[in-house]
DNA sequence: AAGATACCCTACTGATTTGGTAGGATATTA
DNA sequence: TAATATCCTACCAAATCAGTAGGGTATCTT
């Protein structure tokens, strides 16, 4: 399951997508409208900024905004930043790979299955973007 | 990611599938061969028994064994028992559903995506069984 | 019946992760 | 230079995870 933090992140991003190209949005505005604890949201947005998803401006008229066009950022990328690995096993993870000390990866039934799950999942999450969070729809 | 516990469970089950219809297997045997902490494994096997996946026999000649034919138990069922929900959001979970207080589920981009991920994942995990874990696998 | 065998069961504990908060530092604008 | 708003580190409580302890209970052998 996605962590609370990850779900907050997606709610905030949904809001920012809706305000795309309308100038920076205050953290406090997002927190209020999306009912997210202010200081916690602050940390989340900062993390998304460091990862290159968001950009920010300080001082009056400042705030956060989406860096690239929303269609350029995949949902998979966001999940990895705020929630960690997408795969169900370390030994099938593309971005968080760890060698499996329990099995011969070339000959492990579970490994094969989880590779399949990973591919099926990524096929969706890599091809959906921030745009798909809003696109005509209302809120999360 | 699957918890340590879940990965232990799958390793133990793999062993039990290999020994299927060769009589009960000692916890201590599984623990030793699969390098799983004995007392922890004890709890895991007990949980799988209570959930109806395994059966056991006490006393000399006793041990654990798979209750039904391995092809009758899906990987999805095992994951739910030892690891919890398969879905990425409570509001798309079939077995651990919780109403989403953040969004209108009928009109939420993230909800739709995660429903897709759930279906793609279950399409694999519901149709693979304990048999697919075994070393000398039957062909699909 | 007695003893040995092997699972059954509850409770506990330490380490890690999760879900935040606190409080000030830094950059920008007016 | 005052106000604004993000930046940043550290901290904290609660929950979960990973595993242990210690005896209870059922079964088998002799």
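Residue numbers (my numbering), protein chains in the order written: chain A, 5 to 144; chain B, 5 to 144. Glycine is no exception: its CB is placed at the ideal position from the N, C-alpha and C atoms.
Query - Residue nearest to residue 89 (chain B) in terms of C-alpha spacing, selected from B:27, B:134 and B:129 - result: B:129
Query raised in the report: Run through DSSP, which three-state label would residue 93 (chain A) get?
Result: coil
Report task. State yes or no: is the C-beta of residue 13 (chain A) within less than 8 Å of the C-beta of residue 42 (chain A)? Result -> The beta carbons of residue 13 (chain A) and residue 42 (chain A) sit no closer together than 8 Å.
Query raised in the report: Which residues, in order along the region 64-76 of chain B, keep a beta-carbon less than 8 Å from a beta-carbon of chain A?
Result: Those residues of the region 64-76 of chain B that come within reach of chain A (Cβ to Cβ, closer than 8 Å) do not exist; the list is empty.
Query - Any chain B beta carbon closer than 8 Å to residue 136 (chain A) - result: Interface with chain B (8 Å Cβ-Cβ cutoff): residue 136 (chain A) is included.
Query raised in the report: Do you know how far the Cα of residue 124 (chain A) is from the Cα of residue 8 (chain B)?
Result: Roughly 23 Å between the two C-alpha positions.
Requested in this report: Could you round the C-beta distance between residue 29 (chain A) and residue 68 (chain A) to whole angstroms and report it? I think they count as a contact, below 8 Å.
Outcome: 6 Å
Query raised in the report: The beta strand (DSSP E) with residue 70 (chain A) in it runs from where to where?
Result: 67-70
Query - Within-8 Å CB hit, residue 27 (chain A) to chain B - result: no
**Report entry** Assigned exposure category for residue 54 (chain B) - 16 Cβ within 10 Å defines buried
**Finding:** exposed
Report task. Let me know the secondary structure DSSP gives residue 144 (chain A) once reduced to three states. Result -> Any reading at residue 144 (chain A) must be qualified, since the residue scores a pLDDT of 42, below 50, and its modelled position is unreliable; the value itself is stated next. Correct three-state label for residue 144 (chain A): coil.
Query raised in the report: Just the Cα atoms here: how many angstroms apart are residue 117 (chain A) and residue 103 (chain A)?
Result: Between residue 117 (chain A) and residue 103 (chain A), the C-alpha separation is close to 17 Å.
Query raised in the report: What does residue 89 (chain B) reach in chain A if we use C-beta pairs closer than 8 Å?
Result: 5
**Report entry** Residue from A:72, A:127 and A:44 whose Cα sits closest to the Cα of residue 57 (chain A)
**Finding:** A:72
Query raised in the report: Can you find a C-beta in chain B that's less than 8 Å from the C-beta of residue 94 (chain A)?
Result: yes
Query - DSSP state of residue 61 (chain A) mapped onto helix, strand, coil - result: For residue 61 (chain A), the three-state secondary structure derived from DSSP is strand.
Query raised in the report: Is it buried or exposed for residue 11 (chain A), if we count other Cβ within 10 angstroms and need 16 for buried?
Result: buried
Query raised in the report: Under a CB-based cut-off of 8 Å, is residue 14 (chain B) close to chain A?
Result: yes
Query raised in the report: By DSSP, does residue 77 (chain A) sit in helix, in strand, or in coil?
Result: coil
Requested in this report: Using a cut-off of 8 Å between C-beta atoms, extract the partners of residue 86 (chain A) located in chain B.
Outcome: Those do not exist, as residue 86 (chain A) stays about 12 Å from chain B at its closest Cβ, beyond 8 Å.
Query - Chain-ordered neighbours of residue 79 (chain A) on chain B, where CB pairs are closer than 7 Å - result: 117
Query raised in the report: Does any CB atom of chain A fall closer than 8 Å to the CB of residue 23 (chain B)?
Result: Under the Cβ distance rule, residue 23 (chain B) does not count among the residues neighbouring chain A, no pair being separated by less than 8 Å.
Report task. Identify the contact partners of residue 120 (chain A) in chain B, using a Cβ-Cβ distance below 7 Å as the criterion. Result -> 128
Requested in this report: Quick one: measure Cβ to Cβ for residue 16 (chain A) and residue 113 (chain B), integer angstroms, because I've assumed they're closer than 8 Å.
Outcome: Their Cβ separation, rounded to whole angstroms, is 14 Å, which puts residue 16 (chain A) and residue 113 (chain B) out of contact at 8 Å.
Query raised in the report: Is the Cβ-Cβ distance between residue 122 (chain B) and residue 91 (chain B) less than 8 Å?
Result: Yes, the pair counts as a contact, with Cβ atoms nearer than the cut-off.
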